[in-house]
Amino acid sequence: MDVGMVEFVGLIKVDIIRGTDLAVRDVMSSDPYVMIILGHQSMKTKVIKNTLNPIWNERLMLSIPDPVPPLKVLVFDKDTFTSDDRMGEAEVDIQPLISAAREYQSSIITESTQICTFLASENSILAKDSIISIVGGKVEQEIALRLQNVEHGELEIKLECVPLNQ
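The sequence shown begins at 1 in UniProt numbering and counts up by one.
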């Protein structure tokens, strides 16, 4: 596969806020961390020891390639002597956030304004409604993800898109 020259359309800031009710992968608890993947790039949070309700409050940043792939979010349990255990995953379509950021990047809206809402449903990865909004001149999306391929668990993240000037 020839990666060649990759065009980038902007940056995405991913705030990994917290996990809730994550699955047990060690004897009584887990040592969770989050990995995000966008195209050929990946980043990880720090490991939070011995908890099923970790609070990271950690910002990760990736370049957004064109065409825009989904943002993959994976939660793992850190193990010392064996390979890390999966604790769930989700894929987030970031195209609506990028479109909103492009549309509003030159706007002079200073007050917080909701742009659009994605409704949670029993069959979606959203644990609650997700809103794209302008906050302090920045286009952001808060997302509560219902982790997939795992017994239970949720992950709260916040995305901010910084488009490159076209």
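Just so you know, even glycine gets a beta-carbon here, dropped at the ideal spot from N, CA and C.
Contact between the stretch 39-46 and the stretch 58-65 is present, with at least three C-beta pairs closer than 8 Å. The C-alpha of residue 48 lies about 14 Å from the C-alpha of residue 23. The residue from 147, 160, 163 and 130 with its alpha-carbon nearest to that of residue 76 is 147. By a beta-carbon distance limit of 8 Å, residue 130 contacts residue 143. Their separation comes to about 5 Å. Excluding five sequence positions before and after residue 29, the CB atoms of its chain that fall closer than 7 Å to its own CB belong to 50, 51 and 52, given in chain order.
According to the DSSP secondary-structure assignment, residue 90 is paired through a beta bridge with 73. Here residue 138 has 160 as same chain residues with Cβ atoms under 6 Å from its own Cβ, once five neighbours each way along the sequence are excluded.
Residue pairing by DSSP places residue 154 opposite 20 and 146 in a beta bridge.
Sequence-distant partners of residue 66 (beyond 5 residues in either direction) whose C-beta falls short of 6 Å from its own C-beta, in its chain, are 7 and 9.
Beta-bridge partners assigned by DSSP to residue 10: 64 and 163.
Minimum Cα-Cα distance from residue 19 among the listed residues 27, 12 and 32 corresponds to 32. If you draw a 10 Å sphere on the C-beta of residue 71, you find 16 or more other C-beta atoms in it, and that means buried. Here residue 52 carries a coil assignment [DSSP, helix/strand/coil].
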